[in-house]
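The numbering of the sequence shown is full-length UniProt numbering, which starts it at 1 and goes up by one. Each remark here refers to the structure printed beneath this line.
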Amino acid sequence: MAIKIDVGKRDGFPFKEGKYKNSKVTIDVGIKTRRNPNIKFIDGIKPNIYDDVKKQTGFNYQTAVPKKVKKEVNIDKSKGIKLRSGQKISLTQKIPNLSKLLVALEWNLKNTTQYPLELDTSIFMVNLNNKTEEKDFIFYNNLKSRCGGVVLKADHSTGLLEGFDEMVQLDLNKIPSHIQKLAFTVTIDQADERNQNFNLVSDGYFKVIDGENKTEILTYRFDEQLSIETAIVVAEIYRYKDEWKINAVGRGFKGGLKALCDNYGIETE
Numbered sequence: 001m002a003i004k005i006d007v008g009k010r011d012g013f014p015f016k017e018g019k020y021k022n023s024k025v026t027i028d029v030g031i032k033t034r035r036n037p038n039i040k041f042i043d044g045i046k047p048n049i050y051d052d053v054k055k056q057t058g059f060n061y062q063t064a065v066p067k068k069v070k071k072e073v074n075i076d077k078s079k080g081i082k083l084r085s086g087q088k089i090s091l092t093q094k095i096p097n098l099s100k101l102l103v104a105l106e107w108n109l110k111n112t113t114q115y116p117l118e119l120d121t122s123i124f125m126v127n128l129n130n131k132t133e134e135k136d137f138i139f140y141n142n143l144k145s146r147c148g149g150v151v152l153k154a155d156h157s158t159g160l161l162e163g164f165d166e167m168v169q170l171d172l173n174k175i176p177s178h179i180q181k182l183a184f185t186v187t188i189d190q191a192d193e194r195n196q197n198f199n200l201v202s203d204g205y206f207k208v209i210d211g212e213n214k215t216e217i218l219t220y221r222f223d224e225q226l227s228i229e230t231a232i233v234v235a236e237i238y239r240y241k242d243e244w245k246i247n248a249v250g251r252g253f254k255g256g257l258k259a260l261c262d263n264y265g266i267e268t269e
């Protein structure tokens with residue numbers, strides 16, 4: 001069965017496709033729209049000519065993909081550890097209950113004059129062979145892992161999701177033994193077509209939160225060394241002997257989602 005990126009999230013225009021070998025994954029790089037249902041598009045408009053779209057329809061892409069309005073949430077940050085890129089610590093030693101973890105990401109986006117700027121979070125569940133099976137690739141069209149241990153856009157019913165740009169619900173006790181690490185990544189949607197990169201992103205933070213008592217375990221700034229990159233491996237949570245540890249990776253890539261898939265063993269053309 002093929003994974004198609006993105007079904008249901010992009011509409012209104014034709015799209016290009018990039019197919020992965022063996023027809024495993026298809027990336028739709030068409031325009032992604034989150035819009036009010038009463039906004040209408042004119043058929044036949046070229047997908048990347050934003051000025052023509054605005055001229056013919058009055059449709060403003062800057063307001064079509066609005067910034068998320070984050071609410072204030074109560075989290076105890078008094079004992080949170082501040083990591084730097086490249087540091088590793090044990091989660092098992094820091095958190096008694098590994099079934100109620102939350103990974104939270106937040107960032108600020110600089111204003112762009114022509115195109116909207118949108119970031120997507122994905123999680124690669126990497127096996128013993130350092131590969132990721134298509135069903136273990138968690139993204140906006142496959143929000144929940146088969147084991148139930150990784151759920152994108154969920155928060156263990158804590159209400160904390162509304163306080164961040166992105167959140168991942170984790171239950172490390174449910175992760176099957178053949179999965180060796182979880183790689184948390186962020187990409188810029190249509191970065192090449194829109195001439196965008198991480199130079200337009202500031203104040204990017206990755207946080208691990210104990211969802212049981214709403215306590216921040218660690219935080220680290222992941223965007224400080226980024227500029228022309230269009231994708232980043234933010235962090236990896238991995239097995240080490242009988243422990244779960246975390247590595248603040250902070251490694252950027254220029255090739256977007258394709259580069260990340262290549263890095264985690266999903267072959268691409």
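Note that CB positions come from ideal geometry on N, CA and C, so glycine has one too.
Unbroken beta strand (DSSP E) run spanning residue i, endpoints
i       : result
Ala-183 : 179 to 188
Ala-191 : Where Ala-191 is concerned, there is no enclosing beta strand (DSSP E), although the alpha helix (DSSP H) it sits in stretches over 191 to 194.
Lys-71  : Element bounds for Lys-71: n/a, residue is neither H nor E.
Closest by C-alpha distance to residue i, when choosing among the options
i       : options                               : result
Asp-192 : Phe-253, Val-73 and Ile-95            : Phe-253
Phe-124 : Tyr-115, Lys-135 and Leu-117          : Lys-135
Leu-143 : Gln-169, Glu-212 and Trp-244          : Gln-169
Val-151 : Ile-232, Val-103 and Glu-229          : Val-103
Ser-177 : Glu-106, Phe-164, Gly-149 and Glu-216 : Gly-149
Ser-145 : Leu-172, Asn-130 and Gln-196          : Leu-172
Gly-265 : Asn-130, Lys-94 and Leu-119           : Asn-130
Phe-198 : Ala-231, Gly-159, Tyr-220 and Phe-164 : Ala-231
Leu-119 : Leu-109, Val-126 and Asn-127          : Leu-109
Lys-79  : Glu-106, Thr-215, Tyr-115 and Cys-147 : Thr-215
Tyr-140 : Val-126, Glu-267 and Leu-257          : Leu-257
Tyr-115 : Arg-194, Asp-155, Lys-153 and Leu-128 : Arg-194
Ile-188 : Lys-153, Glu-267, Lys-70 and Gly-255  : Gly-255
Leu-91  : Lys-241, Ala-259, Leu-200 and Gln-190 : Lys-241
Range covered by the alpha helix (DSSP H) that runs through residue i
i       : result
Gln-93  : 91 to 94
Leu-257 : 256 to 263
Inter-residue CB distance, residue i and residue j (contact presumed, cutoff 8 Å)
i           : j      : result
Ile-217     : Lys-94 : 5 Å
residue 275 : Val-73 : This structure leaves residue 275 out entirely; the chain is present only between 1 and 269.
Item checked: Three CB pairs or more closer than 8 Å across the region 234 to 248 and the region 181 to 199 -> Short answer: they touch.
Margin query: Across the region 248 to 263 and the region 84 to 96, are there enough close Cβ pairs to call them in contact, namely three or more that are closer than 8 Å?
Written below: Output reads yes: the region 84 to 96 touches the region 248 to 263.
Next item on the list: Tell me, please, whether the region 202 to 211 touches the region 91 to 103 by the rule of three or more beta-carbon pairs shorter than 8 Å.
Entry: With three or more CB-CB distances shorter than 8 Å, the region 202 to 211 counts as touching the region 91 to 103.
Next item on the list: Can you check the region 99 to 135 for any beta strand (DSSP E) of at least 3 residues that lies completely inside it and give the ranges in chain order?
Entry: Listed in chain order, the beta strand (DSSP E) elements of length 3 or more contained wholly in the region 99 to 135 are 101 to 109 and 119 to 127.
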